[in-house]
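Take a look at the structure below.
There are 6 protein chains.
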Amino acid sequence: MSDTKTALVISAHSADFVWRAGGAIALHQAKGYEVTVVCLSYGERGESAKLWKQDGMTLDKVKVARREEAENAAAALGVNDIRFFDVGDYPLDLGRETQDRMVDVIREVQPSFMMSHSKWDPYNTDHMNTTQFALECRMIAQAWGHNPGQKVLGAPQLYLFEPHQTEQMEWKPSVFLDITDVWDKKWAAIQCMQGQEHLWNFYKNVAENRANHFRRNSGGQAGGRAAQYAEGFQTIFPTTVDELT
Amino acid sequence: MSDTKTALVISAHSADFVWRAGGAIALHQAKGYEVTVVCLSYGERGESAKLWKQDGMTLDKVKVARREEAENAAAALGVNDIRFFDVGDYPLDLGRETQDRMVDVIREVQPSFMMSHSKWDPYNTDHMNTTQFALECRMIAQAWGHNPGQKVLGAPQLYLFEPHQTEQMEWKPSVFLDITDVWDKKWAAIQCMQGQEHLWNFYKNVAENRANHFRRNSGGQAGGRAAQYAEGFQTIFPTTVDELT
Amino acid sequence: MSDTKTALVISAHSADFVWRAGGAIALHQAKGYEVTVVCLSYGERGESAKLWKQDGMTLDKVKVARREEAENAAAALGVNDIRFFDVGDYPLDLGRETQDRMVDVIREVQPSFMMSHSKWDPYNTDHMNTTQFALECRMIAQAWGHNPGQKVLGAPQLYLFEPHQTEQMEWKPSVFLDITDVWDKKWAAIQCMQGQEHLWNFYKNVAENRANHFRRNSGGQAGGRAAQYAEGFQTIFPTTVDELT
Amino acid sequence: MSDTKTALVISAHSADFVWRAGGAIALHQAKGYEVTVVCLSYGERGESAKLWKQDGMTLDKVKVARREEAENAAAALGVNDIRFFDVGDYPLDLGRETQDRMVDVIREVQPSFMMSHSKWDPYNTDHMNTTQFALECRMIAQAWGHNPGQKVLGAPQLYLFEPHQTEQMEWKPSVFLDITDVWDKKWAAIQCMQGQEHLWNFYKNVAENRANHFRRNSGGQAGGRAAQYAEGFQTIFPTTVDELT
Amino acid sequence: MSDTKTALVISAHSADFVWRAGGAIALHQAKGYEVTVVCLSYGERGESAKLWKQDGMTLDKVKVARREEAENAAAALGVNDIRFFDVGDYPLDLGRETQDRMVDVIREVQPSFMMSHSKWDPYNTDHMNTTQFALECRMIAQAWGHNPGQKVLGAPQLYLFEPHQTEQMEWKPSVFLDITDVWDKKWAAIQCMQGQEHLWNFYKNVAENRANHFRRNSGGQAGGRAAQYAEGFQTIFPTTVDELT
Amino acid sequence: MSDTKTALVISAHSADFVWRAGGAIALHQAKGYEVTVVCLSYGERGESAKLWKQDGMTLDKVKVARREEAENAAAALGVNDIRFFDVGDYPLDLGRETQDRMVDVIREVQPSFMMSHSKWDPYNTDHMNTTQFALECRMIAQAWGHNPGQKVLGAPQLYLFEPHQTEQMEWKPSVFLDITDVWDKKWAAIQCMQGQEHLWNFYKNVAENRANHFRRNSGGQAGGRAAQYAEGFQTIFPTTVDELT
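Residue numbers (this note's numbering), protein chains in the order written: chain A, 1 to 245; chain B, 246 to 490; chain C, 491 to 735; chain D, 736 to 980; chain E, 981 to 1225; chain F, 1226 to 1470.
This is the structure in structure tokens:
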């Protein structure tokens, strides 16, 4: 095992990681992390309305188009390792087989931290089911008796993505990350999402406003970091520290 | 203003800072912080049962005894600056005058972080009223128009102490601090609390068990820091970071 | 009493009503409502940092400047009735006298609905104290024995403003209002806030993104109203209806 | 597709729609809606105690009796379209096949609004599983890639029924509906439930007391609608409006 | 001090104890308890609409009428000790003086258990302020240094009354009390409330439906106590027991 | 059916019942109850790290060792009836077959009360899935139509175990049980858990500190039971009583 730090992002559909964690991904890649992105599905049925409105569209064509968008976005973010589980969407098939595949990836990557969706999402049950699934797989990867001999997982944090309507999803950010330095990469990745152009400006607004929250929480009117773009995440587990700040 | 980092602990009664934050205080003093402790009261009426059972006890005698205990405990923790507001207890007088005094201290100290009690405490309304008061004073200290010309406060975190019955107080820790290196100091400070010997072992148990939580959250069965004593705190405000961990 | 519908907005500081309810105010004025805005304070101490950084600034000068801004903003929104209670800020004086004044206004206005701040705000206790105060005054205005002979208040809804960091304030919107038709007025009112230019873009972003939520909740990808700007509010009381929608 | 408005009620067991939404159903039928009721099961195992106490009872006999009661109740409410999925109860089989059937119904009906159970029910997991199932099916019905060519679903509200012990189910009503005009129909439907006569009076009391809440929230002592019977519902999604009320 | 068990009910207005705890009071009186009822106010301004609609009504006349009703109701329930603090209503004056009076009563009564209102009530802030006040006074009564020499209070449970709209008040019952044997007394007490006849049936319905909950939670369809009338309460503090049941 | 009282403990892994309910089990056995313990799994994969670190370890060897520990612990607690479902762990197989087995046990035992895990556990999804499963099986066991002719279940309380990190699991105790008299048995049972010696002291601390909570809630500084060891549980269902205490 090398000394490279790693992270793992579990995305229900192939575009989620871009809107919700593109900045965090690009930033950590820039810092020398290897970030692995797993897309459980392409969002081929539920998040490709624009494609389906075209004549002669088929499920396979949608998947190909969505995969290409996701690969381009990943490249824009500097990601070297993106994997597509292709388990279907609306709903996802998160049965025992998918679970085993996911645990294998977690064991292989040995992430310093993990990312996934919010705990509750009445608009999109794929999202909340993915979070439950991520917790389940994290637990299995920690088990000494699961594939004995493999290196077991430690206790990585699980960061929850900012969902589309935060308050409805009972999501509350506990950390803001300054992504100003990599905003150009996130913006480029966002623009790879040709099928969802109606969301580009939405997530630009989110990034600008989260930067306002970053400034306010890092000093407020008395100073603080002049972040221009930020992302927010909710942590599931408490942190362990040597010094308070 | 010097480069010394500072912190401010607001304690409803004179012993609270020992049980609930003694480790954090000693640790940060050892790291070069100047930690200021404000005891709003001596807990002279409500938390001095053992003294009141003695013959000829008076309110003043209780205050003197409690103050001495608190000063000894502060010394054991390495604290150089402990202040007693003496606003009465059960209930505290948290009116405009006390508020002004507190804001002055906050402005003077310019803490990197603040500490106080839990948001809710049906057993002890002094505790939850102190937290509300701390938030109110923090807000005033941030106001440019409050005593213009003084240095305004930035946006320090408010860490909430672990209360006596956490679940009843709706308190949930978001950070565990390893206090192993200063445990001897906290234990010495605890032993200064002659009037509450029945609580010594209780808070030793808490520190041991929070260390277990520290270990579990820093790596679990796969490793993690071998902390022997820890304290937990709940944060009110989100953090602002450059890198996730 | 005329047939004109009325509404009452209770704003802790003189700018709050603009950012948080400017669209609702302009829209209802345009629909023929008379909206009364009460500013409990000018935000003279806590929300006028830019003014205080000027040489020779005094409390009175700040108040005059802030009042002028608020009056201009109100005019831009079409408001005919804005009142300044001038009870100080950071903290507000919400004692019995202020309460009596507020109840008189509620009785006079007889609002169809009321608006105020979120229930919880650890950054700004003025905000949450104002909400508690609004509920208290609403209750008194309903009392047949309070100034007998006056017309008592019915049961108007209390809409809670969108706060600056919604998730930290435990605020969850239950209604989105399409303010596209009056956005120009809200934008003009926002621009009256010369002292807080750093927030202009923030609240434009909010309005755009809430419009996205409006669209999603009014039909989603299958249709829905093409709102361009919207505001969100949380209701305190359940509604009473003749038909579900 | 006609201009008739439609609604869809998803009932875990065959009697639930009567107690919990009978008034809403009758009222909307009277207003010209076509309300479709889907009973996932007959409640044959778990909610037919009285029948099972009879000699010679079998599962099929229970189903027949329960179906007849439900059909009679539906007729009393003016319902023209009631469907029985017969997927078993205690527990319900809510697997992929049931899901597909439900999505087909949703697509066919294209409801203006949907109704189902509370989010949490420790007494009856069939109820809360049905709600999760309803959200999942609603999401699939919105997917452009699910059975492409069919008309996709918009964004109908999901109203949650009043459960038997509201506070234990973490249910909070956000809307009260005046059902006075159709109370005779609901009462007739309730009386079709021969096997659960012990609940008749219970739900009559509920309707009377919810009417009290209707009156209080529509004006209180200062006026308000003189509703005699009402039903309460909790909404999952925020509303989108043109005017506040 | 005698061996008689005691209880203390703190009622914001003079009728609250009847609707919300009349059964518990009568039942415990019948079991040999001495129950003390403190009415902080007569509800003279806020809960006497019917009286205020009469010609020539004055505050004093309302108080006299309300006091008589409350005394009659208390007598019907078998109460020997009802006290009127007369601190005004809408809002209550719960300042230091009222606090001292209340603590004196608590110390005198030494209740086995206490009762008061719900923690939250947006319709009626007097109610929730009373609960906060009750917790504060309970804490002071426990302080050895408050009036040293008096017998200090133990740790009595605080039971929260069922409020008028439970779900809006965030109230959840943790205990149901069978009041069938004393229902005739509660009904008689209710009928003493001549000014609020519109609520008689409402609280009869509540008592019947809570009895249904009593039956369900004591055995359900498999048996259980055949209670006909019950009251529900929420406990604030955990219980300490020798055996689970 | 005899007159012996019974209880049923559902433990996800074979050691859970010892740490979390060992005192309650020993105490009720001592009081004449027959307590049945069902271990769904041996915790063979996820909770046997120490064993897996030994050379030549296999899944079967782990199961044998864990079973022996659990049987010894059960014997130390006086339990006569412990059953191992052996459905695998990390994750548990809680499908229809396991459900049927569990319902059979519930019907056979007819417990006065049941025990299981907390409602939420992000560290260990086996735990929270077990609780959901316990509620589901309890419901089925209450159904008259499930295996007609068998005695149906009444409405036993479900007590939730204290989890490892209470606050993270959203667990709040509503009852403390004095286990001083059987502490020696619990301690002996704990010492049977050779593979988890690192937790012995942790749960001793928990028992000591919960005894402090027992004392405080049973009288506080004014008296109270001098419990030395206690366990805490959260109840799911409200209680039904004849007298408040």
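Idealized CB from N, CA, C, for every residue including glycine.
Inclusion of E69 of chain A and M193 of chain A in the CB contact set at 7 Å is warranted, their separation being smaller than that value. Using a Cβ-Cβ cut-off of 7 Å, P91 of chain A does not count as an interface residue toward chain C, since no Cβ of chain C sits closer than that to its own. Here the C-alpha atom of Q150 of chain A lies approximately 48 Å from the C-alpha atom of G1257 of chain F.
Within chain E, no C-beta atom comes nearer than 8 Å to that of P601 of chain C; the closest sits roughly 16 Å away.
In the three-state scheme derived from DSSP, where H, G and I count as helix and E and B as strand, L1424 of chain F is classed as helix.
In the structure shown, M683 of chain C adopts coil according to DSSP, grouped into three states. When 8 Å is used as the limit between beta carbons, P367 of chain B is near these residues of chain E: L1115, L1138, I1216, F1217, in chain order. Residue environment for E1422 of chain F: exposed (fewer than 16 other C-beta atoms within 10 angstroms of its C-beta).
Below 8 Å, enough C-beta pairs join the region 1073-1091 of chain E and the region 1110-1122 of chain E to call them touching: three or more. No Cβ-Cβ contact shorter than 7 Å links D671 of chain C with F704 of chain C. The contact set of Q1393 of chain F on chain A, defined by CB atoms closer than 9 Å, consists of I236, F237, P238 in chain order. Between the region 47-60 of chain A and the region 199-212 of chain A, the count of C-beta pairs closer than 8 Å stays below three; the two stretches do not touch. Taking 9 Å as the Cβ-Cβ cut-off, the region 165-199 of chain A approaches chain C at Q165, T166, E167, Q168, E170, W171, K172, P173, H198, L199, given in chain order. Rounded to the nearest angstrom, the Cβ distance from T588 of chain C to H607 of chain C is 16 Å, too far for a contact under 8 Å.
Nearest C-alpha to N1372 of chain F among F:E1333, F:E1433, F:K1230, F:A1300: F:E1333. Interface criterion not met: the Cβ of E652 of chain C is under 7 Å from no Cβ in chain A. The DSSP-derived three-state label of E1211 of chain E is strand. Short of 7 Å from the beta carbon of K907 of chain D, and not among the five residues preceding or following it, lie these beta carbons of its own chain, in chain order: Q969. Checking the DSSP bridge columns, you'll see I1120 of chain E has no partner listed. Around the Cβ of G1002 of chain E, a 10 Å sphere holds 16 or more other Cβ atoms; the residue is buried. In the three-state scheme derived from DSSP, where H, G and I count as helix and E and B as strand, L1074 of chain E is classed as coil. No Cβ of chain A is located within less than 7 Å of the beta carbon of S1341 of chain F. In the three-state reduction of the DSSP assignment, Q655 of chain C falls in the coil class.
Within the DSSP bridge table, the entry for P1373 of chain F names F:Q1375 as partners. If you check the CB distance, L648 of chain C and D616 of chain C do not come in under 7 Å. V1017 of chain E and F1065 of chain E have their alpha carbons spaced roughly 11 Å apart.
In this model, R780 of chain D and A811 of chain D are separated by some 25 Å (Cα to Cα). Distance between M1353 of chain F and N1185 of chain E, taken at the CA atoms: about 37 Å. For A497 of chain C, DSSP records a beta bridge to C:V525, C:F603.
Using a CB distance cut-off of 7 Å, F752 of chain D does not count as an interface residue toward chain E. At a C-beta separation below 7 Å, D242 of chain A has these neighbours in chain B: D423. Shown in chain order are the members of the region 321-336 of chain B whose Cβ falls below 7 Å from a Cβ of chain E: Y335, P336.
When C-beta atoms of the region 504-511 of chain C are compared with those of the region 472-488 of chain B, fewer than three pairs fall below 8 Å, so the two segments do not count as touching. Closest in alpha carbon position to V1234 of chain F, among F:Y1315, F:F1338, F:N1349, F:K1275, is F:F1338.
Of the residues B:S293, B:A252, B:Y335, B:W365, the one whose Cα lies closest to the Cα of D326 of chain B is B:A252.
For D824 of chain D, no alpha helix (DSSP H) encloses it, and the DSSP letter there is neither H nor E.
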